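Each remark here refers to the structure printed beneath this line.
Numbering (full-length UniProt numbering), first residue to last: 1 to 267.
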């Protein structure tokens, strides 16, 4: 946000409902990505901003692309990190990955709540950063919980400081994980009934070459074969050789420059 502001852009970073400093929704179990898409429209309307660039990390990719499809006249371009555009359709996880796959575990009502509830919020965030900065998909054994995949002695990634952890931990101490488990994990089946699933805007995908997401069934081939460009024709893809799933925190200056270059090209 600072890098963008320094060159004259206005940068806005809203929290999902029930995340960070935002108020929880009245019924967290009914929260959806549609809520956030509606919130984005409300924000840019109330600020009288006619067109925006959208930047989304991980599950921020889906609402960014969906917003571009649903409100194409309001979007100049889309940047995502760690996750490509995935066309609407049923998930293939259950066919190819065991029940200990973290997404399947976190979709199971009560399972993650019990797992996380043994720890304080700061420790949960610590474990998530350690787990998801690795190049392997987090998968627990049958009688093991996801949080138990991290040994207490494992250090934080070198680019994630104790101050970062304290700040993030404090936010989740306030919000809890109730809405965070609903959106995205338990709302994956949400229907948007798109008449045309093609993204028309210019787009940029920034991927770390060591990102565990490459190990998801079909994702590596979907990106590397160029099939993703059938759905996002104006897509540029940049790979960061040492990058993990947290490229924006691991290599902030490089990611900032890639975003600024993209914005300058399509402003």
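Even for Gly, the Cβ is constructed at its ideal location relative to N, Cα and C. Just so it is clear, the structure is predicted and the values come from calculations on it, not from any experiment.
Can you tell which of the options has its C-alpha closest to the C-alpha of residue i?
i           : options           : result
residue 141 : 77, 114, 100, 175 : 100
residue 30  : 87, 50, 179       : 179
residue 42  : 146, 209, 12      : 12
residue 52  : 10, 59, 20, 154   : 10
residue 276 : 261, 206, 217     : Because the chain spans 1 through 267 in this model, residue 276 falls outside it and cannot be assessed.
residue 159 : 176, 126, 87, 188 : 126
residue 190 : 132, 4, 34        : 34
residue 85  : 246, 262, 219     : 219
residue 214 : 202, 152, 245     : 245
residue 124 : 149, 5, 97        : 149
residue 263 : 47, 204, 253      : 204
residue 181 : 63, 105, 23, 151  : 105
residue 255 : 120, 129, 56, 50  : 56
residue 216 : 151, 102, 14, 231 : 102
residue 143 : 194, 98, 128, 109 : 98
residue 208 : 187, 58, 14       : 58
residue 109 : 28, 234, 133      : 28
residue 194 : 138, 133, 231     : 231
residue 40  : 23, 199, 32, 14   : 14
Tell me whether residue i is buried or exposed, calling it buried when 16 or more other Cβ atoms sit within 10 Å of its Cβ.
i           : result
residue 1   : exposed
residue 248 : buried
residue 146 : buried
residue 117 : exposed
residue 265 : exposed
residue 269 : Missing from the structure shown is residue 269; the chain here goes from 1 to 267 and no further.
residue 107 : buried
residue 112 : buried
residue 201 : buried
residue 155 : exposed
residue 161 : exposed
residue 114 : exposed
residue 5   : exposed
residue 153 : exposed
residue 48  : exposed
To which residues does DSSP link residue i through a beta bridge?
i           : result
residue 57  : 81
residue 125 : Per DSSP, none; premise fails for residue 125.
residue 139 : 101
residue 262 : According to DSSP, residue 262 bridges with nothing at all.
residue 75  : 52
residue 239 : 207
Measure how close the beta-carbons of residue i and residue j come, nearest whole angstrom, since I'm counting them as under 8 Å.
i           : j           : result
residue 37  : residue 78  : Wrong, their Cβ atoms sit about 13 Å apart, outside the cutoff.
residue 68  : residue 75  : 4 Å
residue 65  : residue 183 : Actually they do not touch by this definition, with Cβ atoms about 16 Å apart.
residue 169 : residue 210 : That belief does not hold up - the Cβ atoms of residue 169 and residue 210 are roughly 25 Å apart, past 8 Å.
residue 212 : residue 91  : Their Cβ separation, rounded to whole angstroms, is 17 Å, which puts residue 212 and residue 91 out of contact at 8 Å.
residue 197 : residue 72  : Not really, about 12 Å apart at Cβ, beyond 8 Å.
residue 26  : residue 18  : With 8 Å as the limit, residue 26 and residue 18 do not qualify as a contact, their Cβ atoms being about 10 Å apart.
residue 166 : residue 227 : Between residue 227 and residue 166 the Cβ distance is about 42 Å, and since that is not below 8 Å, they are no contact.
residue 268 : residue 171 : In the structure displayed, the chain extends from 1 to 267; residue 268 sits before or after that span and is not available.
residue 175 : residue 20  : 6 Å
residue 129 : residue 157 : 6 Å
Compute the minimum distance between the beta carbon of residue i and the heavy atoms of the ligand GDP, and state whether it is under 7 Å.
i          : result
residue 23 : No copy of the ligand GDP appears in this structure; indeed no ligand is present at all.
At which residue ranges does the region 159–237 contain complete alpha helix (DSSP H) runs of 4 or more residues, listed in the order of the chain? 162–175, 178–182, 219–224
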